[in-house]
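Quick notes on the structure that follows.
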Ligand SMILES: *Cc1c(COP(=O)(O)O)cnc(C)c1O
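Numbering (this note's numbering), first residue to last: 11 to 241.
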């Protein structure tokens, strides 16, 4: 699938940028507006323009923004989450994008149960050619999903996968990495989630590579600087 995109204009307001992006992406692709490090005024501008889905990567910052801002915002936690920080966001977080260990999954389950809710999670995969990024590989993920420990978790729901491509100008490489994540998704879907319609999300694509990600099957793009300016 090849898509055409207009260039976003620098002078556009935050809601105008969001609307332009939403008009251009397929209707099955969700936009997560990544507001990390940005002031609450910027989020409110987007909110007043009708937007409700925001992503943050620091538990403390997220907790503060959640406390101060309208309660119908759908907050996504998009970064690496330390086990001891889960308790701060468990009451309200809508989706945790980057789960890469049983230890973390168990803690999310525990905190979700304490709050009488179920928390949606994505399994993060290491698809980049960079040692620094977190994430599972397919073998480890299958082990996790086959374990009795996992089957005992009643307060989490795994709704898909997430990955970050290498930070590079090599578009072919980025495309291969996203295609790999899509393949991983399909493998897990058929082996472990074939009866679960809720397992449907592929969170891939940031400001620099979201167009490629959508062409390779993304259902969720996480855009920060494109919307809110550079950090
Ligand atoms: C910061 C961040 C983004 C957004 O990055 P931009 O390049 O500003 O769009 C997306 N995903 C994750 C996991 C991030 O940490």
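By construction, the Cβ of each residue, glycine as well, lies at the ideal position given by its N, Cα and C atoms.
Bear in mind that the values here come from a model prediction, so they are computed numbers and not experimental data.
Does ligand 1 have even one heavy atom less than 7 Å from the beta-carbon of residue 244? Since the displayed the chain opens at 11 and closes at 241, residue 244 lies outside it and no answer follows.
Check whether the region 115-127 touches the region 138-147, taking contact to mean three or more Cβ pairs, one atom from each stretch, closer than 8 Å. Too few Cβ pairs lie closer than 8 Å, so no.
Residue 238 - containing alpha helix (DSSP H), residue span: 235-238 is the span of the alpha helix (DSSP H), which, as asked, contains residue 238.
Which parts of the region 153-223 are runs of the alpha helix (DSSP H), unbroken and 4 residues or longer, counting only runs that do not cross its ends? Counting only runs of 4 or more, we get 158-161, 181-202.
DSSP state of residue 138, grouped into three classes? Of the three classes helix, strand and coil, the one that applies to residue 138 here is coil, per DSSP.
Residue interval of the alpha helix (DSSP H) (run including residue 123): From DSSP, the alpha helix (DSSP H) with residue 123 extends over 112-124.
Beta strand (DSSP E) containing residue 107: first to last residue? Per DSSP, the continuous beta strand (DSSP E) segment holding residue 107 begins and ends at 105-109.
Could you tell me whether any non-hydrogen atom of ligand 1 is closer than 7 Å to the CB of residue 222? For residue 222, the shortest C-beta to heavy atom distance toward ligand 1 is 7 Å or greater.
CB contact flag (residue 60, residue 88, <8 Å): Note that the C-beta distance between residue 60 and residue 88 is not below 8 Å.
Could you pull out every residue in the same chain whose Cβ sits closer than 8 Å to the Cβ of residue 103, ignoring the five residues on either side in sequence? Exclusion of the five residues before and after residue 103 leaves 72, 85, 86, 87, 129 as the residues of its chain whose Cβ lies within less than 8 Å of its Cβ.
Need the endpoints of the beta strand (DSSP E) that residue 86 sits in, please. Run containing residue 86: 84-87, per the beta strand (DSSP E) assignment.
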